[in-house]
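Line by line, the protein sequences are chains A and B.
The first sequence lines up with residues 4 to 274 when you count with our numbering.
The second sequence lines up with residues 4 to 297 when you count with our numbering.
For each residue, glycine too, the CB sits at the ideal point set by N, CA and C.
Step one of this worksheet: look at the structure below.
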Amino acid sequence: MAKVIVVTSGKGGVGKTTTSASFSSGLALRGNRTVVIDFDVGLRNLDLIMGCERRVVYDIINVINNEISLKQALIKDKNCDNLYILPASQTRDKDALSLDGVERILNELKETFDFIVCDSPAGIESGAFTAMYFADEALIVTNPEVSSVRDSDRILGILAAKSKRAVDGLDPVKEHLLITRYDPKRVEAGEMLSLTDIQEILRIPLIGVIPESESVLQASNAGTPAIHLEKSNVAEAYRDVVGRFMGEENLPIRFTTVEKKSFLQRLLGGR
Amino acid sequence: MARVEPAFKLKTANLSVFVLHINTTDMAQLKQELDERYRKTQGFFSNSPVVLDLSAIATCEATPDFSDLLSFMLDHGMRASGVIGGSDKQRSAAARSGLGLFTDPAFRSTVKPAPLPIASNENPAQESEPRKEGHSKSAAEKPVADKKIVADKKEEETQSGNSHFPGQSTGPAQPVFEPGSVSSTSMLIDKPVRTGQRIYAKGASLVVLAAVNAGSELIADGDIHIYAPLRGRAIAGANGNEKARIFTSLLEAELISIAGCFKVFENGIPENLRGKPVQAFLDGPNLVIRPLQD
């Protein structure tokens with residue numbers, strides 16, 4: 004049975020799209036047939052991060068309006084064979100995303116794919132609501148700062164009360180906490196909330212911690228999901244997240260403590 | 004040929020009407036209290052039919068002057084239209100004044116004896132009905148009261164640590180509460196209360212087993228018990244019950260309020276309460292917060 008996973012946060016700029024790109028790539032790299040949908044109609048970004056912006060001809064709104072078939076709008080990822088992207092429209096607004104239309108698309112996708120990853124826009128308005136409404140599981144992307152934690156708390160409340168699963172009285176949406184842009188040095192200095200601070204407030208299972216890294220920005224600009232980076236903490240952390248999501252329970256949470264650089268590393272100045 | 008519809012049909016209907024319970028035969032006192040209670044809410048009744056319940060004064064010798072009472076009530080928008088209960092003498096006097104007689108008081112099968120001496124009646128003349136109105140009114144006013152907190156907070160805070168919600172101040176409009184009248188039921192919440200969520204235990208106490216996060220709001224007409232950190236707002240005794248209390252195993256609240264008297268923690272939680280299980284209750288006009296164990 005195909006699973007619908009929403010990547011959401013409430014707050015903007017915390018790494019939803021970066022996570023959607025890397026998470027869906029990671030699922031596909033493990034052989035799962037995966038599709039990632041950009042719900043940020045009007046501010047589409049996912050195609051940029053995935054490096055397929057020049058191949059976007061049709062988008063999700065065209066499919067909702069029955070102008071084209073779903074197949075015509077799906078873009079095959081350049082890095083993974085099993086991954087497809089359904090881009091958002093840049094010229095429309097979020098009201099064009101109807102719940103009925105989205106449900107129809109998801110049901111059609113469920114016939115072909117194992118995992119459907121929904122990249123939610125920021126906020127709690129209709130776009131974000133539509134993205135989360137049909138979710139089976141949710142990745143709650145949170146930065147170690149109070150406003151991000153507060154907004155994630157709000158999103159969790161909405162998931163528990165207004166998602167389709169909640170409305171229909173089914174099992175609740177399975178929630179996973181993903182902390183991104185975590186900088187152990189600044190946590191130690193008391194400038195950032197710690198892992199335990201965040202968990203104490205949100206109280207949902209932790210699926211991973213992505214360390215703060217300059218390489219994420221470079222990867223985004225290059226149109227390559229961060230999970231494909233060589234020798235990168237971020238890529239390894241995302242692979243761990245996918246592993247835990249697939250049920251590998253014995254993966255320790257890494258990159259949450261300050262690593263002392265060896266003499267040689269310091270000499271070479273590597274990062 | 005089509006059948007002609009008859010000019011009328013007689014049917015029975017169950018309608019809800021106001022019932023004014025008369026607890027005294029002292030008409031001057033009754034009128035005075037009625038006037039105090041409803042003068043300010045002129046449009047509330049808007050010519051609604053009102054039934055007079057005489058059960059409580061059935062054993063009294065005196066018979067109220069119904070025609071005088073009727074015109075007085077009409078001035079306040081209440082159209083007295085019948086009586087329930089009462090002695091034979093009282094009922095025939097009511098009928099002479101044009102009031103209907105409810106012969107079978109279905110919702111009051113036993114006639115209560117008059118429990119109260121006429122002069123020293125401490126309750127307002129009408130008992131259960133104004134309370135009903137107080138309920139609905141406070142529920143309807145809640146969002147407004149919340150907004151008022153923000154507007155009036157600063158000004159009142161400077162006067163003392165404690166303040167009252169405007170519109171919930173003491174006075175004749177305050178509904179009267181019997182101890183224990185709202186604590187018979189309770190509502191249980193076992194999931195975290197998230198920011199933006201509001202939980203209202205209407206006419207009940209509220210028990211919360213999970214964290215109450217900042218930006219959330221708990222409201223209960225009775226007590227509030229939180230066996231987890233309280234970081235949001237907790238409003239107990241929301242309909243004016245001054246006996247309501249708030250208990251929490253860890254106080255980090257944004258605001259706590261009992262029966263309209265509230266406290267905010269602008270300068271953080273006081274040293275002696277920090278990290279401890281505490282309770283909050285009203286001591287006269289003061290909202291007191293104490294550790295559960297010293």
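Straight-line Cα distance separating residue j from residue i
{"i": "S100(B)", "j": "K205(B)", "result": "41 Å"}
{"i": "A24(A)", "j": "R242(A)", "result": "12 Å"}
{"i": "P232(B)", "j": "D224(B)", "result": "21 Å"}
{"i": "D78(B)", "j": "Q32(B)", "result": "17 Å"}
{"i": "N289(B)", "j": "F248(A)", "result": "52 Å"}
{"i": "P169(B)", "j": "M195(A)", "result": "Here the model assigns P169(B) a pLDDT of 40, short of 50, so the residue's position is not dependable and the matter cannot be decided."}
{"i": "G271(B)", "j": "L32(A)", "result": "50 Å"}
{"i": "G240(B)", "j": "D117(A)", "result": "51 Å"}
{"i": "D29(B)", "j": "A163(A)", "result": "57 Å"}
{"i": "S51(B)", "j": "L18(B)", "result": "12 Å"}
{"i": "D91(B)", "j": "R40(B)", "result": "30 Å"}
{"i": "K246(B)", "j": "I201(A)", "result": "36 Å"}
{"i": "G126(A)", "j": "K266(B)", "result": "31 Å"}
{"i": "I204(A)", "j": "L253(B)", "result": "13 Å"}
{"i": "L55(B)", "j": "S260(B)", "result": "37 Å"}
{"i": "T27(B)", "j": "L72(B)", "result": "13 Å"}
{"i": "I52(A)", "j": "D186(A)", "result": "23 Å"}
{"i": "N35(A)", "j": "P273(B)", "result": "55 Å"}
{"i": "D174(A)", "j": "P255(A)", "result": "28 Å"}
{"i": "T188(B)", "j": "V291(B)", "result": "25 Å"}
{"i": "R107(A)", "j": "Q93(A)", "result": "21 Å"}
Within-9 Å CB hit, residue i to chain A
{"i": "K34(B)", "result": "no"}
{"i": "S219(B)", "result": "yes"}
{"i": "R277(B)", "result": "no"}
{"i": "V211(B)", "result": "no"}
{"i": "H138(B)", "result": "With a pLDDT of only 38 at H138(B), under the threshold of 50, the placement of this residue in the model should not be trusted, and no figure is reported."}
{"i": "G263(B)", "result": "no"}
{"i": "P195(B)", "result": "yes"}
{"i": "A256(B)", "result": "no"}
{"i": "A204(B)", "result": "no"}
{"i": "T188(B)", "result": "no"}
{"i": "G271(B)", "result": "no"}
{"i": "T198(B)", "result": "yes"}
{"i": "N50(B)", "result": "no"}
Identity of the residues DSSP links to residue i by a beta bridge
{"i": "F284(B)", "result": "V291(B)"}
{"i": "V54(B)", "result": "V22(B), G85(B)"}
{"i": "S121(A)", "result": "It is Cys, not Ser, that sits at residue 121(A) in the sequence shown. Paired residue(s): V9(A), I40(A)."}
{"i": "E178(A)", "result": "A141(A)"}
{"i": "G211(A)", "result": "L181(A)"}
{"i": "S189(B)", "result": "S208(B)"}
{"i": "H228(B)", "result": "V210(B), F250(B)"}
{"i": "A237(B)", "result": "L221(B), I259(B)"}
{"i": "V196(B)", "result": "V215(B)"}
{"i": "K79(A)", "result": "Y87(A)"}
{"i": "I202(B)", "result": "L221(B)"}
{"i": "G193(A)", "result": "DSSP lists no partner for G193(A)."}
Beta-carbon contacts of residue i that lie in its chain and below 6 Å, excluding the five residues immediately before and after
{"i": "R95(A)", "result": "V44, I64"}
{"i": "D139(A)", "result": "K6, V7"}
{"i": "I78(A)", "result": "C55, R58, I88"}
{"i": "F105(B)", "result": "G85, I87"}
{"i": "I222(B)", "result": "Y203, I238, A241"}
{"i": "D41(A)", "result": "R47, L49, P90, A91, D122"}
{"i": "V9(A)", "result": "C121, S123, A134, M135, A138, A141"}
{"i": "H228(B)", "result": "V210, F250"}
Proximity test, Cβ basis, 9 Å: residue i and chain B
{"i": "C36(A)", "result": "The residue asked about is misnamed: residue 36(A) is Arg in this sequence, not Cys. No - not a single Cβ of chain B is within 9 Å of the one on R36(A)."}
{"i": "G172(A)", "result": "no"}
{"i": "R153(A)", "result": "yes"}
{"i": "A169(A)", "result": "no"}
{"i": "A164(A)", "result": "yes"}
Contacts around residue i, its chain only, beta-carbon distance under 8 Å, and the 5 residues preceding and following it disregarded
{"i": "K194(B)", "result": "A213"}
{"i": "N275(B)", "result": "P294"}
{"i": "E178(A)", "result": "E140, A141, I143, L159, L162, I207, P208"}
Sequence-distant residues of the same chain with beta carbon closer than 7 Å to residue i, five excluded per side
{"i": "R82(B)", "result": "N50, S51, P52, V53"}
{"i": "I71(A)", "result": "Y61, N65"}
{"i": "V190(A)", "result": "P147, S197"}
{"i": "V237(A)", "result": "I213, P214, S216, S218, V219, A229"}
{"i": "A169(A)", "result": "A163, P175"}
Query raised in the report: Taking any Cβ of chain B, which residues in the region 194-211 of chain A have a Cβ under 7 Å from it, in chain order?
Result: I204, R206
Query raised in the report: If contact means a Cβ-Cβ distance below 8 Å, which residues of the region 92-117 of chain A contact chain B?
Result: none
Query raised in the report: Residues in the region 135-162 of chain A with C-beta within 7 Å of chain B's C-beta atoms, listed in sequence order?
Result: R153, D156, R157, L159, G160
Query raised in the report: Listed in chain order, which residues of the region 224-241 of chain B have Cβ atoms closer than 7 Å to some Cβ of chain A?
Result: none
**Report entry** chain A contacts from the region 281-297 of chain B (Cβ-Cβ distance under 7 Å)
**Finding:** none
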